[in-house]
Amino acid sequence: MKKVTNPRRVITKKPSHAASKNGGAGPRRLAGTDPRRVRTILAKLDDAYPSATCALEHQNTFQLLIATILSAQCTDVRVNQVTRSLFQKYPRPEDFAYANTQDLEADIRPTGFFRSKTKSIQGASKRIVEEFSGEVPRTMEQLLTLPGVARKTANVVLGTAFGIPSGIVVDTHVQRVAGRLDLTRNTDPKKIEQDLMQIIPREKWIIFAHQLIWHGRRVCQARKPRCLECNLERVCYSQDKVI
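The sequence shown begins at 1 in the working numbering and counts up by one.
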């Protein structure tokens with residue numbers, strides 16, 4: 001493929017209602033959340049990422065919880081680099097719960113926001129040890145009682161560890177790709193999740209989030225989306241499109 005220099009940014013406008021009624025030039029585009037369009041998007045994601053899953057390395061549910069807390073404002077690659085030695089030093093919830101705070105802060109410092117993350121990790125670990133017999137809860141309601149755990153983290157744990165579709169993970173990639181695909185017009189993660197839950201079949205909630213995350217990392221990147229390589233380009237109405 002020839003290198004594209006100075007790519008032309010093409011702004012694709014959505015057709016007006018009048019144009020749709022009057023049979024304007026070109027085929028009529030389906031509304032962003034039209035069921036037929038959503039099915040097409042899901043099929044294309046399945047073609048591109050049939051085995052998409054969580055990229056955080058873990059050997060058990062508790063490790064997944066800790067890794068997910070560490071992943072806030074940090075790449076999964078960096079988190080995995082840190083947790084390889086971290087989980088050897090702190091193999092059990094008790095080890096995190098009652099660790100020397102300054103030592104733990106130093107151990108997770110490369111992931112950023114290490115003081116607040118240490119507070120969350122130790123708070124969650126103590127509650128798991130003292131209130132849940134050392135086991136990570138299996139319900140959204142109980143997970144949300146853990147310090148530092150919001151819906152995103154809870155959805156990752158429930159979906160990846162237990163296969164329970166309690167919601168849709170919304171991280172920065174899901175937010176960006178879903179917005180560009182016109183599957184939501186909200187910017188608040190909670191509202192985005194609710195929008196997506198209304199149009200995506202429940203049995204697809206878990207893998208759909210992973211697929212959007214993979215797509216956001218590999219193709220639909222924030223600054224330079226690789227639209228020429230995107231198998232969703234024909235159903236994408238984004239004004240960020242570069243072709």
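Backbone N, C-alpha and C fix where the C-beta goes; we use that ideal spot for every residue, glycine too.
Item	Value
At least 3 beta-carbon pairs within less than 8 Å: the segment 173 to 192 vs the segment 123 to 142	no
Val77 - DSSP class collapsed to helix/strand/coil	helix
Candidates Val219, Ile41, Thr139, Gly112: closest to Phe208 by CA position	Ile41
Host alpha helix (DSSP H) of Gln142 (start-end)	140 to 143
Best match in Ala55, Asn155, Val219, Arg84 for proximity to Gln194 [C-alpha to C-alpha]	Asn155
Cβ-Cβ separation, Ala52 to Gln211 (assumed contact under 8 Å), whole Å	5 Å
Residue interval of the alpha helix (DSSP H) (run including Ile206)	205 to 218
Cβ-based burial, Arg176 [other Cβ within 10 Å; buried from 16]	buried
Inter-stretch contact at 8 Å, needing at least 3 Cβ pairs: the segment 107 to 117 / the segment 60 to 76	yes
Proximity of Ile108 and Lys117 at Cβ, strictly below 7 Å	yes
Three-state secondary structure assigned by DSSP to Leu65	helix
7 Å Cβ cutoff met for Asn231 and Ala48	yes
Pro225 versus Pro35 - alpha carbon distance	25 Å
Where Phe96 sits in the DSSP three-state scheme	helix
Identity of the residue in Leu146, Glu57, Lys89 nearest Lys126 by Cα	Leu146
Short Cβ contact (7 Å threshold) for Ile164 with Val38	no
CB of Trp214 within 7 Å of CB of Ile168, strictly	no
Residues near Arg78 in its chain [Cβ-Cβ closer than 8 Å; skip 5 each side]	Pro110, Thr111
Ser125, enclosing alpha helix (DSSP H) - first and last residue	114 to 131
Close Cβ partners of Pro189 (< 6 Å) along its chain, the five nearest in sequence each way excluded	Val170
Leu45 versus Leu158: straight-line alpha-carbon distance, rounded	22 Å
N- and C-terminal bounds of the alpha helix (DSSP H) containing Asp46	35 to 48
Exposed unless 16 or more other CB atoms sit within 10 angstroms - verdict on Pro93	buried
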